[in-house]
Amino acid sequence: MKTSALERGANYVILIVFALIVLGPVGVIFTLAVGPQSASVAREGRTFHWENFVEAWEVGRFSQYMLTSVTVALLVVVIAVSASILAGYALGTMNFRGSTFFFYLFLLGIMVPTEAFIVPLYFDMRSIGLTNTVWGVAFPQIAMSIAFGTYWMRTYFRSSSRAMIEAARLDGAGSMRVLWYILVPIGRPAILTLVLLTFMWTWNEFLIPLVMSPNGSVRTAPLGLAFFQGQYTQGTALLAAGAILVALPVVVLYIFLQRHFIKGMLEGAVRE
Amino acid sequence: MSSAVKTDRSATARSGRLTRPWVPFAYLAPALLLYGLFLLVPLGRAAQFSFFEWDGLGASTFVGLDNYVAIVQDEQLREAFWHALVLIFFYAVLPLIIGLVLAAILTRANVRGMGFFRTIIFLPQVIAMVVVAVIWRQIYAPDGPLNGLLRLVGLDSLTTAWLGDYTWTLPAVGLIGTWVSTGLVTVLLMAGMAKVPRDLYEAARLDGAGAVREFFSITLPSVRGEITVALTLTIVAALKTFDLVYVTTRGGPGTSTTVPSYEVYRRAFELGEVGAAAAVGIVLTIIVFSINAVVNRIGEKK
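Those sequence lines, one after another, are chains A and B. One gets our numbering by counting positions in the first sequence from 1 and adding 19 to each. One gets our numbering by counting positions in the second sequence from 1 and adding 248 to each.
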């Protein structure tokens, strides 16, 4: 479509202004993170104080928190994605009584806010000794991820070629073989998107690890950061460095695989 | 049926694998078990808890609907739900207005670097809310960049402690939500607008329609579905705000920024009002589902 040079110029201005509004706060935290920790350090005159990251890593015990985060994220991603692939396969390719009911049952879980079930879950998990364990933090997130994952995988399996499944079956392949040797390999992009979204949600989750580990023994990275902010009030440089460390894993994945993130978050929005 | 199948024994064996009635349930079992045990059962338990008064340790007393009545009567809880409404404005309405204008302008002209722009404005969606909260606490600090900027342009009188002010803290927290949601809404709307056939616009221009007419008679009606999705996502995000409030204000100053999610946490784990917390959680769930239903109903109307 033809538009005037003036309009095109105005468009660039708008693009740049909005990009700056988004990047501004990111720039602020980065500037603080590489800035001097105190006036005496500032007198050394260096511009970038990369050592802040190392110090935050040690002082803020982020090495420990990151390890917890990685453990929880691995458990949630592996278990939730596997269970979602199996359940999505059943709901997407098989006709059986109650399939619509089960579909809506899983759909329900996408919309239920964590706040609604976390309170009784905490007290019930406490009575069976699961609080303050990695599993106590992982299980509720596995359940939530399964709700979305099953919906997501069902959508993929429904769009996959019926003819191909039928042909494989006529060749004598069982349902597990069809899933494992045909649908999963072709569905790698859909599965990768699900893995990335599940990882991101688990890594960024705050309320569940906060509630499920009241004594702080299973503290994930975002929790460690919130705790660090409350503890360490004398300087902002280490806090800012810690904030960047916590955000970095997901942001790096996003930069390289942004199509998956955007597609997943837009298409995953329930339209039914 | 069985006699027809008997003529080809191997066919029975093949199709039998998939038609055995327990097969789909075997595939569903792991997901159903985990989802049921750790989400559905506790959800039911929350409904049960909400009829009791319990401090989390001792014996519980059945109180009927008292916890729900309290939500209407307790001023602090009413206030929390009111704050959630205010946040909906900042998380959903404001980003929708900005997103519509931005997406319409950018879709009209082919501008280079759109992919790059999309990557940038979507970025706040992938940053952990705790990190976002830490960033904005620095920006809003009394001697932080925002007040610095205001002093720089001579607006000293506007400087304030943004997160310590009874009037300004809720909008300040809300604007963080606007910063997070706007990119998502804009990207969603741009995707919808890109699907509108170009010749519709050409025809409208031949009829002498200006940019504004074009927007209201072509663009807006064709992105109805995207608007519905955007509103659903952002309203639910607003209602579920927890991390942001917990890290920036803890509901303060006073109770000026407390929200339902924060009340659930505070009542259950700090004040020992477990039943009341469960009731707030249930009401929040009902509100989320109702808003979803209403937004989708409006979105479907032709």
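The C-beta atom is built at its ideal place from N, Cα and C for all residues, glycine as well. Keep in mind that this is a model prediction, so the values were computed, not measured.
Exercise. Cα separation between residue 27 of chain A and residue 460 of chain B?
Worked result: 17 Å
For this session: Give the range of the alpha helix (DSSP H) segment to which residue 330 of chain B is assigned.
Result: 323 to 336
For this session: Can you give me the start and stop residues for the alpha helix (DSSP H) that residue 30 of chain A sits inside?
Result: 24 to 53
Problem set entry | Which residues DSSP lists as bridging residue 300 of chain B, in chain order | B:310
Exercise. Checking contacts by CB at 9 Å: is residue 132 of chain A closer than that to chain B?
Worked result: yes
Exercise. Are the Cβ atoms of residue 312 of chain B and residue 373 of chain B separated by less than 9 Å?
Worked result: no
Exercise. What's the gap between the Cα of residue 255 of chain B and the Cα of residue 190 of chain A?
Worked result: With a pLDDT of 40 at residue 255 of chain B, under the threshold of 50, the modelled position of this residue cannot be trusted, and the question is left open.
Exercise. Is the beta carbon of residue 151 of chain A less than 9 Å from the beta carbon of residue 241 of chain A?
Worked result: no
For this session: Could you work out which residue in B:334, B:413, B:526 is closest to residue 425 of chain B when comparing CA atoms only?
Result: B:334
Exercise. Where does residue 63 of chain A sit, in a helix, a strand or coil, going by DSSP?
Worked result: coil
For this session: Only counting runs of 4 or more residues, tell me where the alpha helix (DSSP H) segments fall wholly within the region 198 to 226 of chain A, in order along the chain.
Result: 207 to 223
Problem set entry | Contacts of residue 265 of chain A in chain B (Cβ-Cβ under 8 Å) | 376, 378, 379
Exercise. Along chain B, which residues have their Cβ under 9 Å away from the Cβ of residue 62 of chain A?
Worked result: The contacting residues do not exist; residue 62 of chain A stays about 20 Å from chain B at best.
For this session: Could you give the DSSP three-state label for residue 251 of chain A: helix, strand or coil?
Result: coil
Problem set entry | Proximal residues of chain B, C-beta to C-beta of residue 248 of chain A below 8 Å | 382, 385, 495
For this session: Could you name the residues of the same chain whose beta carbon sits closer than 8 Å to that of residue 129 of chain A, not counting the 5 residues immediately before and after it, in chain order?
Result: 166, 167, 170, 289
For this session: From the DSSP output, in three-state form, read off residue 160 of chain A for me.
Result: helix
Problem set entry | As assigned by DSSP and simplified to three states, the class of residue 373 of chain B | helix
For this session: Can you grab the Cα-Cα spacing for the pair residue 31 of chain A / residue 359 of chain B, in whole Å?
Result: 7 Å
Exercise. Where does residue 279 of chain A sit, in a helix, a strand or coil, going by DSSP?
Worked result: helix
Exercise. Along the chain, where does the alpha helix (DSSP H) that runs through residue 152 of chain A open and close?
Worked result: Looking at the DSSP string, residue 152 of chain A is not in any alpha helix (DSSP H), and its letter there is neither H nor E.
Exercise. So residue 129 of chain A is in the alpha helix (DSSP H); what residue range does that whole segment cover?
Worked result: 118 to 130
Problem set entry | Chain-ordered neighbours of residue 121 of chain A on chain B, where CB pairs are closer than 7 Å | 276
For this session: Would you tell me roughly how many angstroms separate the C-alpha atoms of residue 115 of chain A and residue 277 of chain B, rounded to the nearest one?
Result: 14 Å
Exercise. From what residue to what residue does the alpha helix (DSSP H) around residue 78 of chain A run?
Worked result: 70 to 78
For this session: Could you please give the first and the last residue of the uninterrupted alpha helix (DSSP H) stretch that includes residue 411 of chain B?
Result: Note, residue 411 of chain B: premise wrong, no alpha helix (DSSP H); not H, not E.
Exercise. Apart from the five residues on each side of it in sequence, which residues of its chain come closer than 8 Å, Cβ to Cβ, to residue 264 of chain B?
Worked result: With a pLDDT of 44 at residue 264 of chain B, under the threshold of 50, the modelled position of this residue cannot be trusted; read the value that follows with caution. Cβ neighbours of residue 264 of chain B beyond the five flanking positions: none.
For this session: Determine the extent of the alpha helix (DSSP H) in which residue 420 of chain B is found, giving its start and end residues.
Result: 417 to 442
Exercise. Per DSSP, what kind of secondary structure is residue 56 of chain A in: helix, strand or coil?
Worked result: coil
For this session: Could you check which residue in A:225, A:209, A:48 has the C-alpha nearest to that of residue 91 of chain A?
Result: A:225
Exercise. Looking at the structure shown, is residue 343 of chain B part of a helix, part of a strand, or coil, going by DSSP?
Worked result: helix
For this session: Only counting runs of 4 or more residues, tell me where the alpha helix (DSSP H) segments fall wholly within the region 468 to 523 of chain B, in order along the chain.
Result: 472 to 487, 491 to 496, 508 to 517
Exercise. Any beta-carbon of chain A closer than 9 Å to the one on residue 436 of chain B?
Worked result: yes
Problem set entry | Residue span of the alpha helix (DSSP H) that contains residue 395 of chain B, given as start and end | 393 to 400
Problem set entry | 9 Å Cβ cutoff, residue 277 of chain A in contact with chain B | yes
For this session: Within the same chain, show all residues whose beta-carbon is closer than 7 Å to that of residue 414 of chain B, passing over the 5 residues directly before and after it, in chain order.
Result: 501, 502, 504
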